[in-house]
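Report on the following structure.
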Amino acid sequence: MRYVYLFHEGNARMKELLGGKGANLAEMTNIGLPVPCGMTITTDACREYYNNGKKLPEGLVEEVTRNLKAIEAEAGKRFGDEDDPLLLSVRSGAVFSMPGMMDTILNLGLNAATFKALARHTGNMWFACDTYRRFIQMFSDVVMEIPKDKFEHILQEQKAAQGVTQDQELSVESLLAVIDKSKALYRQEIEEDFPEDVTRQLFLSIEAVFRSWNNHRAIVYRNLNKIDHNLGTAVNIQAMVFGNMGEDSGSGVAFSRNPSTGERKLYGEYLINAQGEDVVAGVRTPRPIAELGEDMPEIFEQFRSIAKKLERHYRDMQDIELTIERGKLYILQTRNGKRTAQAALKIAHDMVGEGLIDKKEALLRIDPEHLAHVLHRQIDSSADLTVLAAGLAASPGAAFGSVVFDANEAEHLGRIGSKVILVRVETTPDDIHGIVQAQGILTSRGGMTSHAAVVTRGMGKPCVCGCEAVKVDYEQQLFTVGSTVVRKGELISIDGTTGQVILGAVPLKDPELSKEYQTILEWADEVRTLQVRANADTPEDAEKSRKFGAQGIGLTRTEHMFMAQERLPYVQRMILATTTEERMGALLPLRIMQENDFYSILKAMHDLPVCIRLLDPPLHEFLPSLEKLLVETTELRIRKDNPQLLEEKERLLAQVVKLHEANPMMGHRGCRLGITYPEVYEMQMHAIFNAASRLTRDGYTVLPEIEIPLTISKAEMEILKGRCDRIARECMELHRVSFTYLCGSMIELPRAALLAGEIAESAEFFSFGTNDLTQTCFGFSRDDAEGKFLPAYIHQHILKDNPFAVLDREGVGRLMRIAVEEGRKTRPDLMIGICGEHGGDPSSVEFCHEIGLDLVSCSPYRIPIARLAAAQAALKHPRPVG
């Protein structure tokens, strides 16, 4: 097997083999851009490394050595040469972009001899010292796993001793001292000298990059972005070029368009006399890329031309790394740039107008989850704000939360539901787990291309970077702005759109949606075949759903209407009734309340279908808890001071005990209630059909769909549909109106899926309740599984995803396929949909399209996601015409 390719031997289509970075370096080399020469070790080699028990694959050393000679010939320098040494960078390159998650070693090939040669050949001793001390620190940290903080401490001590604050202000003597102390630290930690053999440095570094594929932050990032853990990373070995050789050198990162807003304008940052790590790590606050036009106008124009060429070539916004060495421009990397949701929409929309892509490609490029990010709330402009400071508006949106300074603490608090803002001097890739759980990020250093900015933009979280007025004190767990002190746990707000840092929690409001957002969803509606509805239980949710483009309501959960405080006593009277007459008396006021509920919802959705699920949960959920009643009754018995109250509590306790179920999820609920307590379901049917009749009489078009939950047989459906038809007929005759309605079954049990053909003889539609279907298919209680063992199952790759978030295609999906096939054999025009929260998950929506469902239903804020996901599914898997 071949493991190594020189850059000119690859191309952009070899991404799976060469990784994204290697494939793009090859492509740029072949289209004539100024790319330093190099080679790529394939992802095959990484996978083989792990298969071999973390040993380099057989033959890899020889391949690298052979290809290194070709690089030496092209560069005109030799690796390890004591006159004019070739130095190398060793960088990761996964198939999918994972910015900052894996490791890099720069300036590789320096030792005592080549360091002196570098100084002689360049005539710049300061540059050689700075490069050597960087290499020692990076190699020690990445390859040998000595904490970099220990080297930073040496650097800070030396700056203090010399009385300077910036790295570039250090004298040659100070840098030599840093080098000596760093080597001594290495010897102390590793118990051997820093390696002088440059070949050993190279292969140790290759192994370190392979190992970094499975470091903690990379695993967290892959889990977050659903990237396959078995892909492995490529390794790119490239001739070094240096941005830290003086005032005619520099490094930068730039985007061909603004990654926050999508504006068609070069956007980025650079630093004079710096290596690229200085720009992205946030060690120094960089300058806007436009100012490069003042410092180096010819270089700036050359770079701007290259950025345009790359964007046209890849037909997407590019994220480009550049280095300027003694007045010569080099391009070190290009990739499709990470962008905010707003920018993604604008760029896709604008590129259609520019003729770079068509509408279909624009739709396929947008991550459906980006549409949820667009709906993030913003600070209410009418609020009275106490603005502490302003930094760089690195990622739009607004958030508030308690201040925390540690990523581990942010992760812990976020997981238990606390809202936190993670405040750091600068973030590193090791903070990824805390960033995931935080509401937003605030850093005192770093720019628009720093780690914090790039990662939060990709996640759709607000971020304020480079807020230098914020002085962070990790030891005392506080930050100061002038005389204001903000301690851990205190509330602050951040506005990633303006860069403001605000004291306290501020009111937020819904965003205004852009024309690009509306246009792209209109494009999605043109191509999708799945109908998208909303799960809505109130008129307010119904109106919001229409605003987001819902084509009806796919699930109204009537039990939510019973939970209101003023209604609960009537519900409890109905449950505690011992005779049918008593129960009917309690149900009458509930029927009036429900009729008004249904009237409002049907009115809000006039002309659109509304699927109403009859009462589903077991009755004990409406009563006080058994444990609480036992305590109260026991206390009353001991006190003996209120016999009347004791009698009432004992009567209630007896009924709660009678209704208590060992496994309520599988107990006396759903249509089983409708069979044993027919008056409950009949009350709801009367309320629905009376509301529909009144609206029809008032001139509205109503399309109610009555959903029977938890069915397992044709017999249940026949009984309940018979009652539904009878009550509908009675109500229409009473009001002298006529309207269309449907009565269908919720398929949420394996038996119902398997017997779907029989159930369809009575049911006029199916709606998959995928939450319960998942629970009963897996034998998992969702609450127990997610809180106890499910994370371990995902971590150990027993399950790829949480099946309650992403539909399980193999098990649950197979039951759904059977139900669709059998149901439509009986009733070819059977309408079938899905109404669980899976209806707003893009992968699940795609599966629903593939198996021929008619509709998906989800919560209001997931509707835009479902609309786009349905369009993408239609483009990827076109349904046969007719």
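Just so you know, we're using my numbering here: the sequence shown kicks off at 552 and counts up by one.
Note that beta-carbon positions come from the ideal geometry of N, C-alpha and C, so glycine has one too.
Small disclaimer: the values here were computed from a predicted structure and weren't measured.
(1) Any idea if T1452 is buried or exposed, counting beta-carbon neighbours within 10 angstroms, 16 or more meaning buried?
(2) Is it buried or exposed, P1411, if we count other Cβ atoms within 10 angstroms and call 16 or more buried?
(3) How about L1138 and M1234: do their beta carbons lie closer than 8 Å?
(4) List, from N- to C-terminal side, the beta strand (DSSP E) runs of 3 residues or more that fit wholly inside the region 1095-1159.
(5) List the endpoints of the continuous beta strand (DSSP E) containing T874.
(6) Check Y821 in the structure and name its three-state DSSP category.
(7) Anyone know if the C-beta pair for L843 and F851 falls short of 8 Å?
(8) Would you identify the three-state DSSP class for Q717, choosing helix, strand or coil?
(9) Do you know offhand how far R751's Cα is from D632's?
(10) Keeping to the same chain, check which residues put their C-beta closer than 7 Å to that of T1377; ignore five residues upstream and five downstream.
(11) If we ignore side chains and look at the alpha-carbon of each, how far apart do L1305 and E1373 end up?
(12) Residues in its own chain within less than 6 Å of A664 by CB, not counting five upstream and five downstream?
(13) Under 8 Å Cβ to Cβ from T1070, same chain only, skipping five residues before and after it: list those, please.
(14) Mind reading off the beta-carbon distance from N1353 to L1341? Whole number of angstroms is fine, and I expect it under 8 Å.
(15) Look up C1162 in the DSSP assignment and say whether it is helix, strand or coil.
(16) Whose C-alpha, out of M847, W764, I697 and I778, is nearest the C-alpha of G801?
(17) Does DSSP put E1212 in a helix, in a strand, or in coil?
(18) Check this for me: beta carbons of G1100 and I1414, under 8 Å apart or not?
(19) Near C688, what residues of its chain come up, given a Cβ to Cβ distance below 7 Å and the 5 sequence neighbours on each side ignored?
(20) Are the beta-carbon atoms of A645 and L782 separated by less than 8 Å?
(21) Suppose only complete runs of 3+ residues qualify. What are the beta strand (DSSP E) ranges in the region 932-1002, listed by chain order?
(22) Please state whether DSSP places Y881 in a helix, a strand or coil.
(23) Closest by CA to P1379, which one among E1315, L1406, F1355 and G1387?
(24) DSSP three-state call for F854: helix, strand or coil?
(25) Given I823, which residues of its chain have a CB within under 7 Å of its CB, disregarding the five upstream and five downstream residues?
(26) With distances taken Cα to Cα, identify the nearest neighbour of G1011 among R1202, A626, K1098 and A895.
(27) Out of curiosity, what's the CA-to-CA distance linking T1262 and T1185?
(28) At what residues does the beta strand (DSSP E) containing K1039 begin and finish?
(29) Nearest-angstrom Cα distance between D654 and P1175?
(30) Out of I1226, S1318, L1324 and K1351, point me to the one whose CA is closest to R1365's CA.
(31) With distances taken from CA atoms, which of G604, M590 and F647 is nearest E625?
(32) Express the C-alpha separation of L993 and T1031 in angstroms, rounding to a whole number.
(33) DSSP three-state call for Q826: helix, strand or coil?
(34) In three-state terms, what does DSSP make of S1471?
(35) What residue range does the beta strand (DSSP E) around E1258 cover?
(36) How about the region 1084-1092 and the region 1391-1410: do they share at least three Cβ pairs that are nearer than 8 Å?
Walking through what the data contain:
(1) Coverage of the chain is limited to positions 552 through 1433, which leaves residue 1452 absent and any answer about it impossible.
(2) What you label residue 1411 is simply residue 860 of the sequence shown in a count that begins at 1. Classification of P1411: buried, given that the 10 Å Cβ count is 16 or more.
(3) Position 587 of the sequence shown holds residue 1138. Position 683 of the sequence shown holds residue 1234. In this structure, M1234 lies closer than 8 Å to L1138 by Cβ.
(4) 1104-1108
(5) Here residue 874 corresponds to residue number 323 of the sequence shown, with the count starting at 1. Counting along the chain, the beta strand (DSSP E) containing T874 begins and ends at Q869 to E876.
(6) Position 270 of the sequence shown, counted from the start, is the residue given in the question as residue 821. Looking at Y821 - three-state DSSP - the assignment turns out to be strand.
(7) Mapped onto the sequence shown, residue 843 falls at position 292. Mapped onto the sequence shown, residue 851 falls at position 300. Taking 8 Å as the Cβ cut-off, L843 and F851 qualify as a contacting pair.
(8) Position 166 of the sequence shown, counting from 1, holds the residue named residue 717. Three-state DSSP puts Q717 in coil, outside helix and strand.
(9) Your numbering for residue 751 matches position 200 in the sequence shown. Your numbering for residue 632 matches position 81 in the sequence shown. Distance between the alpha carbons of R751 and D632 is about 15 Å.
(10) For the purposes of this step, residue 1377 is taken as the residue at position 826 of the sequence shown. So the list reads G1308, A1311 and E1312, once near-sequence residues are dropped.
(11) Numbered from 1 along the sequence shown, position 754 holds the residue referred to as residue 1305. Numbered from 1 along the sequence shown, position 822 holds the residue referred to as residue 1373. Answer to the nearest angstrom: the Cα atoms are 8 Å apart.
(12) Working through the sequence shown from its first residue, we reach residue 664 at position 113. Closer than 6 Å at Cβ, skipping near neighbours: E633.
(13) One-based indexing of the sequence shown puts residue 1070 at position 519. Hits under 8 Å: H900.
(14) Position 802 of the sequence shown, counting from 1, holds the residue named residue 1353. Position 790 of the sequence shown, counting from 1, holds the residue named residue 1341. Sure, about 6 Å apart at Cβ, within 8 Å.
(15) Taking the sequence shown and counting its residues from 1, one reaches residue 1162 at position 611. DSSP places C1162 in strand when its eight states are reduced to three.
(16) Looking up residue 801 in the sequence shown gives position 250. Closest option to G801, Cα to Cα, is M847.
(17) Stepping through the sequence shown from its first residue, residue 1212 is reached at position 661. Three-state result, E1212: coil.
(18) If you number the sequence shown from 1, residue 1100 lands on position 549. If you number the sequence shown from 1, residue 1414 lands on position 863. Yes, the Cβ-Cβ distance between G1100 and I1414 is below 8 Å.
(19) Walking along the sequence shown from the start, residue 688 turns up at place 137. Strictly speaking, residue 688 in this sequence is Gln, with Cys absent from that position. The answer, listed in chain order, is K699, F702 and S733.
(20) Locating residue 645 in the sequence shown gives position 94, counting from the first residue. Locating residue 782 in the sequence shown gives position 231, counting from the first residue. Going by C-beta atoms, A645 is nearer than 8 Å to L782.
(21) 938-941, 943-946, 949-955, 971-975 and 991-994
(22) As a working note, residue 881 is residue 330 in the sequence shown. It is a strand residue.
(23) Your numbering for residue 1379 matches position 828 in the sequence shown. Looking at the Cα atoms, E1315 is the closest of the given residues.
(24) Reading the sequence shown from its first residue, position 303 is the one you call residue 854. Here F854 sits in helix by DSSP.
(25) Start at 1 with the first residue of the sequence shown, and residue 823 comes out as number 272. The residues are E798, G801 and D846.
(26) Residue 1011 sits at position 460 when you count from the first residue of the sequence shown. Minimum Cα distance to G1011 is reached at A895.
(27) Counted from its first residue, the sequence shown places residue 1262 at position 711. Counted from its first residue, the sequence shown places residue 1185 at position 634. Those two C-alpha atoms are separated by around 40 Å.
(28) Within the sequence shown, the letter at position 488 stands for residue 1039. K1039 -> no beta strand (DSSP E), and no H or E assigned at all.
(29) Position 103 of the sequence shown, counting from 1, holds the residue named residue 654. Position 624 of the sequence shown, counting from 1, holds the residue named residue 1175. So the two alpha carbons sit approximately 56 Å from each other.
(30) As a working note, residue 1365 is residue 814 in the sequence shown. It is L1324.
(31) Within the sequence shown, numbered from 1, the residue matching residue 625 stands at position 74. Answer by Cα proximity: M590.
(32) Position 480 of the sequence shown, counting from 1, holds the residue named residue 1031. Position 442 of the sequence shown, counting from 1, holds the residue named residue 993. Taking the straight line joining both Cα atoms gives about 13 Å.
(33) Translated into positions along the sequence shown, residue 826 becomes position 275. Three-state result, Q826: coil.
(34) This structure cannot speak to residue 1471, because the chain is shown only from 552 to 1433.
(35) On the sequence shown, residue 1258 is found 707 positions in, with the first residue counted as 1. From DSSP, the beta strand (DSSP E) with E1258 extends over L1254 to I1259.
(36) yes
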